[in-house]
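Undergrad:
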Amino acid sequence: MAAAARGRGGVWRRAWQRAVACNTRGGAVPAAKSGLAPWIPVVGLEIHAQISSNSKLFSGSQVQFAAPPNSLVSFFDASLPGTLPAGYQITQQRVPIAVNGSLSYSLCIDNKMSQMVTKTVRIKQIQLEQDSGKSLHDDTRSQTLVDLNRAGVGLMEVVMEPDLCCGEEAAAAVRELQLILQTLGSSQAVMAEGQLRVDANVSVHQPGELYGVRTEVKNINSLRFLAKAVDYEIQRQIEELENGGTILNETRAFDSKLGCTLPMRDKEGKQDYRFMPEPNLPPLILYDAKSLPANMNHQQVVNIDWIHERLPDLPSVKRAKLVEWYGILPEHSFTLLRSGSRVRAVAPARLLVSRNVNVPTAGDTLSSLYVMKALDVLCLENEDGLTEFFENVVKQTQMKPKRVIGWILNDLLSYLKQHSLTVKESPVSSFLLADLLNLLEKKEISSTAAKQVLAELWKGEGKTPLEIVKEKKLVLIQDQKELEQICQAVIDGRENEVIAIKAGNRKVLNKLIGLVQRETQGRSNPVLVKQLLEKKLLE
Amino acid sequence: QVSAALREGRVTPTELCQRCLSLLKSTKFLNAYITVAEETALKQAEESEERYRRGQPLGVLDGIPVAVKDNFNTAGIETTCASNMLKGYISPYNATVVQKLLDQGAVLLGKTNLDEFAMGSGSTDGVFGPVRNPWSYSRQYKEKSVPESHSEDEESNWVITGGSSGGSAAAVSSFTCFAALGSDTGGSTRNPAAHCGVVGLKPTYGLISRHGLIPLVNSMDVPGILTRCVDDAAVVLGSLAGHDPKDSTTIQDNFEPFELPSLTNVSKLSIGIPKEYHAPGLSSEILSLWSKAAELFKNAGARVIEVSLPHTCYSIVCYHVLCTAEVASNMARFDGLEYGHRSDMNKSTESMYAATRREGFNDVVRGRILSGNYFLLKQNYENYFIKAQKVRRLIANDFVKVFESGVDILLTPTTLTDAVPYVEFIKEDNRTRSAQDDILTQAANMAGLPAINVPAALSERGLPLGLQFIGRSFQERQLLSVAKWFEKQVKFPMIQLEEVKRHDHDVFQHQKSSFS
Numbered sequence: 018m019a020a021a022a023r024g025r026g027g028v029w030r031r032a033w034q035r036a037v038a039c040n041t042r043g044g045a046v047p048a049a050k051s052g053l054a055p056w057i058p059v060v061g062l063e064i065h066a067q068i069s070s071n072s073k074l075f076s077g078s079q080v081q082f083a084a085p086p087n088s089l090v091s092f093f094d095a096s097l098p099g100t101l102p103a104g105y106q107i108t109q110q111r112v113p114i115a116v117n118g119s120l121s122y123s124l125c126i127d128n129k130m131s132q133m134v135t136k137t138v139r140i141k142q143i144q145l146e147q148d149s150g151k152s153l154h155d156d157t158r159s160q161t162l163v164d165l166n167r168a169g170v171g172l173m174e175v176v177m178e179p180d181l182c183c184g185e186e187a188a189a190a191v192r193e194l195q196l197i198l199q200t201l202g203s204s205q206a207v208m209a210e211g212q213l214r215v216d217a218n219v220s221v222h223q224p225g226e227l228y229g230v231r232t233e234v235k236n237i238n239s240l241r242f243l244a245k246a247v248d249y250e251i252q253r254q255i256e257e258l259e260n261g262g263t264i265l266n267e268t269r270a271f272d273s274k275l276g277c278t279l280p281m282r283d284k285e286g287k288q289d290y291r292f293m294p295e296p297n298l299p300p301l302i303l304y305d306a307k308s309l310p311a312n313m314n315h316q317q318v319v320n321i322d323w324i325h326e327r328l329p330d331l332p333s334v335k336r337a338k339l340v341e342w343y344g345i346l347p348e349h350s351f352t353l354l355r356s357g358s359r360v361r362a363v364a365p366a367r368l369l370v371s372r373n374v375n376v377p378t379a380g381d382t383l384s385s386l387y388v389m390k391a392l393d394v395l396c397l398e399n400e401d402g403l404t405e406f407f408e409n410v411v412k413q414t415q416m417k418p419k420r421v422i423g424w425i426l427n428d429l430l431s432y433l434k435q436h437s438l439t440v441k442e443s444p445v446s447s448f449l450l451a452d453l454l455n456l457l458e459k460k461e462i463s464s465t466a467a468k469q470v471l472a473e474l475w476k477g478e479g480k481t482p483l484e485i486v487k488e489k490k491l492v493l494i495q496d497q498k499e500l501e502q503i504c505q506a507v508i509d510g511r512e513n514e515v516i517a518i519k520a521g522n523r524k525v526l527n528k529l530i531g532l533v534q535r536e537t538q539g540r541s542n543p544v545l546v547k548q549l550l551e552k553k554l555l556e
Numbered sequence: 051q052v053s054a055a056l057r058e059g060r061v062t063p064t065e066l067c068q069r070c071l072s073l074l075k076s077t078k079f080l081n082a083y084i085t086v087a088e089e090t091a092l093k094q095a096e097e098s099e100e101r102y103r104r105g106q107p108l109g110v111l112d113g114i115p116v117a118v119k120d121n122f123n124t125a126g127i128e129t130t131c132a133s134n135m136l137k138g139y140i141s142p143y144n145a146t147v148v149q150k151l152l153d154q155g156a157v158l159l160g161k162t163n164l165d166e167f168a169m170g171s172g173s174t175d176g177v178f179g180p181v182r183n184p185w186s187y188s189r190q191y192k193e194k195s196v197p198e199s200h201s202e203d204e205e206s207n208w209v210i211t212g213g214s215s216g217g218s219a220a221a222v223s224s225f226t227c228f229a230a231l232g233s234d235t236g237g238s239t240r241n242p243a244a245h246c247g248v249v250g251l252k253p254t255y256g257l258i259s260r261h262g263l264i265p266l267v268n269s270m271d272v273p274g275i276l277t278r279c280v281d282d283a284a285v286v287l288g289s290l291a292g293h294d295p296k297d298s299t300t301i302q303d304n305f306e307p308f309e310l311p312s313l314t315n316v317s318k319l320s321i322g323i324p325k326e327y328h329a330p331g332l333s334s335e336i337l338s339l340w341s342k343a344a345e346l347f348k349n350a351g352a353r354v355i356e357v358s359l360p361h362t363c364y365s366i367v368c369y370h371v372l373c374t375a376e377v378a379s380n381m382a383r384f385d386g387l388e389y390g391h392r393s394d395m396n397k398s399t400e401s402m403y404a405a406t407r408r409e410g411f412n413d414v415v416r417g418r419i420l421s422g423n424y425f426l427l428k429q430n431y432e433n434y435f436i437k438a439q440k441v442r443r444l445i446a447n448d449f450v451k452v453f454e455s456g457v458d459i460l461l462t463p464t465t466l467t468d469a470v471p472y473v474e475f476i477k478e479d480n481r482t483r484s485a486q487d488d489i490l491t492q493a494a495n496m497a498g499l500p501a502i503n504v505p506a507a508l509s510e511r512g513l514p515l516g517l518q519f520i521g522r523s524f525q526e527r528q529l530l531s532v533a534k535w536f537e538k539q540v541k542f543p544m545i546q547l548e549e550v551k552r553h554d555h556d557v558f559q560h561q562k563s564s565f566s
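Listed in order, the protein sequences are those of chains A and B. Heads up: the first sequence begins at 18 in this note's numbering, then just goes up one per residue. Heads up: the second sequence begins at 51 in this note's numbering, then just goes up one per residue.
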């Protein structure tokens, strides 16, 4: 790391400027206690995302979370003698599927959704590799149990350049990557299920100096813990150095209960993996429209341009479109696209098929399974969540999108969160919600009544909003005379209030409007009630 | 001819199988087989007989007794690789080549002996003991070797088969089967074929599936074919070749099985004699045999020219580096967890791994794993592994250039000498022996080219000598046609074995006892 920085003069300077930017935002970077120049933290991430696929990378075994141990193991996965290529882990060491990419992500300043900055982290490479099996150690009986369900599952390793400087940035970048992977469907990317695993490389140094010795923090299984682990490690290193200590190049594990990182015993010492090329796998060749040879079976080749054309909008583009088309606030577009980890989506990122893809040298054949796996990484069908729901409601109602968004983000989302449901599992369909909002828009019911109807709809009894409105007698009182009578009755009993209003205290008017609403059980249009009251009291 | 006899009902598959089994028993001292699958073989023979009875045999191979080297997986029959590591291991699946043989009605007699994990050139380094060359017991050898060794007992006189497919070569040579599968990584099929006086074909890399062949060197291994004549080799090749989805390195093009033409005119052929194959240690009788063979082609009107493959001398060293590197990686799977031997050592998982591998592998295998891991270390990678790969490319290019210059086939010796007595052979270690014995054969593996050993003559000691033909990639038809022509000219004598005579029958008496 140090040698690399020396060779490329600009590297540390860029990092330093970023660090300063971090500092001015306040909080993220701990300032040195001793009054020395502030320490500059450098954070790089290595992310392993499980490729969303029905089968493993080179075998037909299924991929499934929490299946009984060793129930998803083929002859190949157990590397029985004579199965090719098995018995070792395979990775794209020399020619990754993509190189020199970048990822833009947004970060809110001072925890205010309304103040967002966009940052970029360079992506060094993305490579395919096989997952390993799992060892479970039983210390009391000194036994080791091995589960090979995971062995051979396809992973993509996303290697980021050390462009980040704090836990918050790390978490935001991974969040955006997670969204992209989910949008593309190349990974379900659920951290809790191990489909997205993040290792953080952390070091600190003084301005003008070379990068410090780095540690690798593993065992991070949520975004919150990622931010915590990185910040803890930065702080730990600074304290260590300021107390005259040194940082060891070591692997540390994040202990989420203690909230700190601890050295990992079994990872001591440098590993030499002794890589060698795998002769059983012919090169995987990525073509574009220009390089694609004629007469190729399209099922058997990967054509980057073909995939490019079929890419869905990535989250950043989608957010911009939402803001432009519907006039909603940018922060609302973020909420729409990141409504919870259970919202799943899917297809290939520009990120994954960057034009800088290294094309391996000539090779002829390729097992179809291998090609299919490459396609799995690069594209899958689209399945959207909250955004799609929002757009469907907008399509079916006359209400302005700006108003619809409130119903989606406040009412729908909080209900779903309370009951931990996905958008797909919502008992109220976009059609029913649109129906309800139309009643509101046409002033047939009040918004108070609308909330009551929604509460009924959640029960999922198959009634339409109109049926509920009728059943509960929530239709606005259209008869002006009836409403006038009710208003009169309210005024009659409240002389004190009338005097106050007449004296110019308009606030009291709102109280009377509320009383009329109560009297009518929400079946009155507050605007109309206000007009009637004003007419009676002020004219 | 056996196939015709089967079709005509002169012999039934069961009779044939029983005769082979009884011959196999009386030649048990050869130690050619590790496992004899008597029961399943007889059952397969019965099924074959039923097909013949209905007049619906599956093809030329139906009812033909075959043997398979014990590093090919066979469902239901032990697959040991002649190693403690896999003693008792029964694979749940058949290797693709085994399945193809069975699908065509062949009768699988058993699994043949080899060097542990096919690492060796003598068939002397397996846990089941060395294989003895049937020619040690032939009238031809006994007559010639008696004068110089009449004082010694016969026991010290027997010669090795070569290896590592020595069991398969001995099985074919002693008439206990009609064809056998070997494997060829650096010469493991051609070398024992030469020493045992049988045809040994190493097909082009990628023509035959390796799925189910327990790998030695993935980039060089090919299933090999051992038969008594070139025609038989062509038939077996035809039944095995073709794409296999389970081996991505097999070519997708359809393979059309062929019948070999009987060449009468070789005048349009261009035969190359690579001068680098005049290697140190080449015996004078093989040298003169080589020259005579060249003369034979010249006299028949072929163009015979000396050619150069300048990087040949570096080949064996590079082969050693690449071979051990792959061995180090390929052997990683044997950890005692999923299958095979597991040590009782239970202090920790790591100590269990270590003890399992120490107990399971012999010195040769452990030595190759160690050197392979050394070559793959970061600090050595550039100097050994990468360099060896670069030189490998140069070696392959040598062949490309020679073939581009118009040469059709290369003619070389297969071995430096005839087979040596076991007591002599074990005076040198496995590594030294492999370096000597693979010297003329491994370059074809480095380049992926098809090559065949054709028995050519007997040595002064009455032992077989063979010559090697190397062809262009995927030009097996041309290679085998030339080999067949040569075979016809040299009239290699049949082995005269007491045991075979006792099983006197027209099937065995036939000059070549071929099945095609």
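Glycine is no exception: its CB is placed at the ideal position from the N, C-alpha and C atoms.
Threshold first: 4 residues or longer. Then list the alpha helix (DSSP H) segments lying entirely within the segment 506-534 of chain A, N to C.
TA: Qualifying alpha helix (DSSP H) stretches, in chain order: 512-519.
Undergrad: Please compile the residues from chain A whose C-beta is within a distance smaller than 8 angstroms of the C-beta of residue 370 of chain B.
TA: Per Cβ cutoff of 8 angstroms: no residues; residue 370 of chain B is ~15 angstroms from chain A at best.
Undergrad: Report yes if the C-beta distance between residue 159 of chain B and residue 115 of chain B is below 8 angstroms; otherwise report no.
TA: Yes, Cβ-Cβ distance for residue 159 of chain B and residue 115 of chain B is below 8 angstroms.
Undergrad: Use the C-beta contact count for residue 40 of chain B: other C-beta atoms within 10 angstroms, 16 or more gives buried, fewer gives exposed.
TA: Beyond the ends of chain B as shown, which are 51 and 566, falls residue 40 of chain B; an answer cannot be given.
Undergrad: Let me see if you follow: with CB-CB separation under 8 angstroms, is residue 304 of chain B close to chain A or not?
TA: Judged by the 8 angstroms Cβ criterion, residue 304 of chain B is not in contact with chain A.
Undergrad: Any contact between the segment 291-307 of chain B and the segment 254-273 of chain B? By contact I mean 3 or more CB pairs, one from each, below 8 angstroms.
TA: As far as the Cβ criterion goes, the segment 291-307 of chain B touches the segment 254-273 of chain B, which means the pair count is three or higher.
Undergrad: If we cut at 8 angstroms on Cβ distances, does residue 104 of chain A have a partner in chain B?
TA: So yes, residue 104 of chain A belongs to the interface.
Undergrad: Quickly, what does DSSP pair residue 463 of chain B with across the bridge? List them, please.
TA: In DSSP, residue 463 of chain B forms a bridge with B:517.
Undergrad: List the residues of chain A that residue 440 of chain B touches, going by C-beta distances under 8 angstroms, in chain order.
TA: Within 8 angstroms Cβ-Cβ: nothing; residue 440 of chain B doesn't reach chain A, min ~13 angstroms.
Undergrad: Does DSSP put residue 335 of chain A in a helix, in a strand, or in coil?
TA: Correct three-state label for residue 335 of chain A: helix.
Undergrad: From B:346, B:388 and B:184, pick the residue whose C-alpha is nearest to that of residue 513 of chain B; which is it?
TA: Out of B:346, B:388 and B:184, B:184 has the C-alpha closest to the C-alpha of residue 513 of chain B.
Undergrad: Rounding to the nearest angstrom, what Cα-Cα distance links residue 525 of chain B and residue 462 of chain B in this structure?
TA: If I take the Cα positions, the gap works out to 18 angstroms.
Undergrad: Using the Cα positions of residue 57 of chain A and residue 296 of chain B, report the straight-line distance between them to the nearest angstrom.
TA: About 52 angstroms.
Undergrad: On the criterion of 16 or more Cβ atoms from any shown chain inside 10 Å, does residue 433 of chain A qualify as buried, or is it exposed?
TA: When all chains shown are included, residue 433 of chain A counts as buried.
Undergrad: Would you check if the segment 149-166 of chain A and the segment 218-235 of chain A touch, i.e. whether three or more CB-CB distances between them fall below 8 angstroms?
TA: Not touching, per the Cβ criterion.
Undergrad: In the DSSP assignment, what residue or residues form a beta bridge with residue 229 of chain B?
TA: The partner list for residue 229 of chain B (beta bridge, DSSP) reads B:116 and B:277.
Undergrad: Check for me: the beta strand (DSSP E) holding residue 489 of chain A runs from which residue to which?
TA: Run containing residue 489 of chain A: none; DSSP gives neither H nor E here.
Undergrad: Quick one: which unbroken beta strand (DSSP E) runs of 3-plus residues sit fully inside the segment 152-217 of chain A? Chain order, please.
TA: The qualifying runs are 160-164 and 171-177.
Undergrad: Alpha carbons only, please: which of A:526, A:335 and A:210 is nearest the one belonging to residue 83 of chain A?
TA: Of the listed residues, the one whose Cα sits closest to residue 83 of chain A is A:210.
Undergrad: Determine the closest residue to residue 418 of chain B out of B:225, B:124 and B:266, with distance taken between C-alpha atoms.
TA: Comparing Cα-Cα distances from residue 418 of chain B to each of B:225, B:124 and B:266, the minimum goes to B:266.
Undergrad: Got a sec: is the Cβ-Cβ distance from residue 467 of chain B to anything in chain A below 8 angstroms?
TA: No, no contact with chain A.
Undergrad: Measuring straight from C-alpha to C-alpha, what distance separates residue 272 of chain A and residue 190 of chain A?
TA: Cα-Cα distance, rounded: 22 angstroms.
Undergrad: Which class does residue 565 of chain B belong to by DSSP, given the choice of helix, strand or coil?
TA: Reduced to three states, the DSSP call for residue 565 of chain B is coil.
Undergrad: Using the Cβ count rule (16 or more neighbours within 10 Å means buried), how would you classify residue 63 of chain B?
TA: Classification of residue 63 of chain B: buried, given that the 10 Å Cβ count is 16 or more.
Undergrad: Would the beta-carbon of residue 343 of chain B fall within 8 angstroms of that of residue 319 of chain B?
TA: Their beta carbons are not under 8 angstroms apart, which means residue 343 of chain B does not touch residue 319 of chain B by this criterion.
Undergrad: Mapping DSSP to helix, strand and coil, what is residue 346 of chain A?
TA: Residue 346 of chain A falls in the coil class under three-state DSSP.
Undergrad: Can you list, in chain order, the stretches of the alpha helix (DSSP H) that have 4 or more residues and sit fully within the segment 411-471 of chain A?
TA: Whole alpha helix (DSSP H) segments, 4+ residues: 418-423, 430-435 and 447-458.
Undergrad: By the DSSP assignment, the alpha helix (DSSP H) with residue 356 of chain B in it spans what residues?
TA: Looking at the DSSP string, residue 356 of chain B is not in any alpha helix (DSSP H); the run it does join, the beta strand (DSSP E), is 353-357.
Undergrad: Could you give the residue range of the alpha helix (DSSP H) that holds residue 473 of chain B?
TA: Its alpha helix (DSSP H) spans residues 472-475.
Undergrad: Kindly list, in the order they appear in chain A, the residues whose Cβ is closer than 9 angstroms to that of residue 22 of chain B.
TA: Here chain B has residues from 51 to 566 only, and residue 22 of chain B is not among them.
Undergrad: Taking 8 angstroms as the CB-CB limit, is residue 101 of chain B close to chain A?
TA: Residue 101 of chain B does not count as touching chain A.
Undergrad: Which same chain residues, not among the five before or five after residue 163 of chain A, have their C-beta less than 6 angstroms away from its C-beta?
TA: For residue 163 of chain A, where only same-chain residues beyond five positions count, the Cβ hits under 6 angstroms are 150 and 152.
Undergrad: Ordered along the chain, which non-local residues of its own chain (more than five positions away) have a Cβ less than 8 angstroms from that of residue 564 of chain B?
TA: These residues qualify, in order along the chain: 51, 52, 228, 277, 278, 279, 281 and 282.
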